[in-house]
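See below for the structure under consideration.
Residue numbers (the UniProt record's numbering): 1 to 1051.
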């Protein structure tokens, strides 16, 4: 055996290296499980030890503390042993060399190379002719490795190691395989006959055999008990089978009676179905002979003739009706002319009466002149003066009253004209609003919720083609005319999300951004000039085209900052929160927020919320709108300003629309707008009607006041003339009183009277001539009236004749229509009869079909049930047989469970009988099989017991012989092993021939023997155990522990 100690350069990692060499030493050929070499690394006091072994006996000599036991203990651990079974410490950590030092190794490795050649080789195709078994011990765990000449070492579990050790028949727990130093020392001192017997049984494998026999004996006893139980349970099964057979027989008898009654019932049903079918067929044949179709055809032909005649009469009726309309128009014209003549005649007669009244007044005045002249002669000289002064005072007072009355009426006229003007203004405004509302309602009637702007609508709103402008901009941008792409018009990008609480938000957005709707946003002055010329080219005026220049195109960082800032600082009800920001360019959002403050403009539900938002004084709210009337408010320099909305229609919008994404059913918004528009249109109509009525009343009052003013002015003119005349007369009277006396005054008055008479005569002549002209004109008018009345009589007579003809034609039409209606009524009655006839005929046909179908179905059912219906049918009714059937069924139902049918119950009984019969057969079969198995197992058990006894006897004989021979060869003593299998003890008897030659000395206590004798007996014992158990490896540590040094050298 070659032993080499090598130094370890790096003990930090357990390098396993490659597998052993593929070349197997010649001495190990055809061997399996023989140790070829052993390597210990960092194991106890060995840093790196390599041992090359022989396939035969290998002995290790050395001084104490040199690591001899460490080699055997490492091999025991590598073969799957534990710490305590290796003979040293139970903690694997303590097997690492210098484990207690900080800089000591962190692992220990034991590697054994075993031969794997010959017929008993373990997986030679995988491992080759050698198997390498290694165990690496770390401070907190350990691992097994396996490899070979064909495969590198790899980690395996302990089961794989145990599988390999079982294959080579090696057990590290067998004392003949491995005995450590402590076990050798305590072999005799801590052992007794029972422990010797256990050693012997474990080495010979008798323990496993006895355990198997005990297990088999227990199984035999269990099988015997099972046989007894199965024999006991067969009796109830046989009784149950007999009861089920009786139940089935009784039930089948009752079922036969029920089936017989059912067959008679089915045949009686067939007879009833057959008789019903024959009766219905006879009824159908009789009813089919009466058919009202011919009479209906005759009446329809007559109706066609009368209809043609009716058309002719209606044509004449239309002609006469047109003549009637002509006569009525003529009569109306003549009547109007007569009415005009009557009005003219009445006017003329009024004029004549007025002229005659004037003539009478003039004649009366002429008669009064003489009396006045007499009175003048009798009156004093200043009487006229006093009279004229009184009349003049009265005239002045009357003039002042008329002036006051005129001023009052003129003031009322001014008020009425002002009211009428206001009402007319209101009416015009209401009419404008009403027209706008009607147009909006009409547009809502034929449109959906605004989400897409059509091209014609955009062209009408912006007054130029937006798409054409954008196409030209793109083309010019490609040519380098525009530095940056302009954005606009802004109104085309204003889209509101569907999350807006109401459609009125769209109106608020358009109202707030109305100054920006037509605007475009550009980056440079060059872009502005190019865009302005392009808009003018497409028909946009300079006043309408508004272009905003911004440097935000060159500052994308401002846009990014705005995109991060605006969502955080904006109010949750701001215009920005309602805009569809994903559909609006970020540059445009920046401009809208910078110019119009869309993030600081809030849309409130009502005025109260608007006031609350503004009163808080929050910095991020600058403007607030109310959805009640579009009132608004703003904060400037910490002060709050509220302004009402004066627009006629505040919630009208044209440019803003909804976003197209996630478009759903938002018809409720259009319906809400339509309802609001309808209500507003109705209120505007009511307002217009009331205003028109009020204007009419105002105009009536105004006309009355104006007529009254004309009358007052005429009265005022009359009074002024009278006052002027009285003043002139008074002055003349004063002058005459100063210059003339009473006689000259009388003469002068007479001259005046004569002048007055001559004036009255002229007036009478003029009035007479006018009266004669009026009377002549009146006579002409009356003659014309008489002529028109004659024409009216002729027209009325023609109208009466035409109306008579029309009445006659109407009577003819009514008669013809009455005949047609009568015949139609007859047709309807016949059709009703026909419908009734067809209905009854269909009913008969359906009944006949149903009866036939039932008959055929019943035939098929009888054939399916195997009932012969060609035999003589039963005479009783189905109800009689049904009673018999029900009685039989009741008898069966008393037997049958309510939850099942009769057939199901019978089937259940049969299934139970079959199941019970099968169960009985199975149990009997299992009982037979169990009996046979019990007998077979009993015979096998007896046979195994005999074989076990024979095997144990052979093993004991073999062990005795090996012990005697080994003991005689080593010491020359005679000894034997005494086995007591009953008490399970093993006594060792030694005869010392050297002490007594005449009679051998028997050693009863082995502890009294010398150390060498104990070691020899121990070796003999182990040799005897080894002969009865196979192991490719035997490892003993200081098996000669009881020998002294001289005996070891000598022996």
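Backbone N, C-alpha and C fix where the C-beta goes; we use that ideal spot for every residue, glycine too.
- Of the residues assessed, residue 554 falls on the exposed side of the cut-off, its CB having fewer than 16 other CB atoms within 10 angstroms.
- The criterion of a C-beta distance shorter than 9 Å is not satisfied by residue 627 and residue 433.
- According to the DSSP assignment, residue 256 belongs to the alpha helix (DSSP H) that extends over 206-287.
- For residue 430 against residue 687, the beta-carbon gap comes to about 6 Å, under 8 Å, which counts as contact.
- Your pair residue 486 and residue 518 does not check out as a contact, with CB atoms roughly 13 Å apart and the cut at 8 Å.
- In the pairwise beta carbon analysis, the segment 968-978 is classified as not touching the segment 1027-1037: fewer than three pairs are separated by under 8 Å.
- With a cutoff of 9 Å on beta-carbon distance, residue 50 and residue 149 are scored as not near each other.
- The beta carbon of residue 409 sits closer than 6 Å to the beta carbons of 705, 708, 709 from its chain, once the five residues preceding and following it are set aside; these are given in chain order.
- Contact between residue 910 and residue 248 holds, since their C-beta atoms are separated by about 6 Å, short of 8 Å.
- A check of alpha carbon separations from residue 512 across 530, 260, 592 identifies 592 as the nearest.
- Under DSSP, residue 707 takes part in no beta bridge, so it has no partner.
- Per DSSP, residue 202 has no beta-bridge partner at all.
- Listed as beta-bridge partners of residue 111 by DSSP are 39, 134.
- Annotated as distal: residue 126 and residue 168, with beta-carbon spacing of 9 Å or more.
- Short of 7 Å from the beta carbon of residue 300, and not among the five residues preceding or following it, lie these beta carbons of its own chain, in chain order: 827.
- For residue 625, the uninterrupted beta strand (DSSP E) segment begins and ends at 623-626.
- In its chain, beyond the 5 residues on either side, 959, 962, 963 have a beta carbon closer than 6 Å to the beta carbon of residue 1024.
- Taking a 10 Å sphere around the C-beta of residue 677, we find 16 or more other C-beta atoms and assign the residue as buried.
- Between residue 802 and residue 323, the C-beta gap is smaller than 9 Å, which places the two residues in contact.
- In the DSSP assignment, residue 518 falls outside any beta strand (DSSP E) and carries neither an H nor an E.
- Secondary structure of residue 1035 (DSSP, three-state): strand.
- Contact annotation: residue 576 and residue 566 have beta-carbon atoms nearer than 9 Å.
- Non-local beta-carbon contacts of residue 108 in its own chain, meaning distances under 6 Å to residues more than five positions away in sequence, involve 42, 43, 95, 96, 137 in chain order.
- If you compare the alpha carbons of 385, 54, 333, 329 with that of residue 27, the shortest gap goes to 54.
- In this structure, residue 549 lies near residue 523, with their beta-carbon atoms less than 9 Å apart.
- Residue burial annotation: residue 857 is exposed, with fewer than 16 other C-beta atoms found within 10 angstroms of its C-beta.
- Around residue 559, the same chain offers 552, 586, 587, 590 as residues with beta carbons nearer than 7 Å, after the five sequence neighbours per side are excluded.
- Here residue 496 is bridged, per DSSP, to 579, 658.
- Bounds of any alpha helix (DSSP H) do not take in residue 117, whose DSSP letter is neither H nor E.
- The count of Cβ pairs closer than 8 Å, one atom from the segment 191-205 and one from the segment 925-936, stays below three, leaving the stretches out of contact.
- Taking C-alpha positions only, residue 471 is separated from residue 482 by approximately 13 Å.
- Contact annotation, residue 816 with residue 306: C-beta distance approximately 5 Å; criterion of less than 8 Å satisfied.
- Of the residues 333, 271, 82, 356, the one whose Cα lies closest to the Cα of residue 772 is 356.
- The count of Cβ pairs closer than 8 Å, one atom from the segment 261-269 and one from the segment 866-883, reaches three, so the stretches are in contact.
- In this structure, residue 497 sits away from residue 672, with a CB-CB distance that is not shorter than 9 Å.
- Fully enclosed beta strand (DSSP E) runs of no fewer than 3 residues occupy 974-980 of the segment 918-986, in order along the chain.
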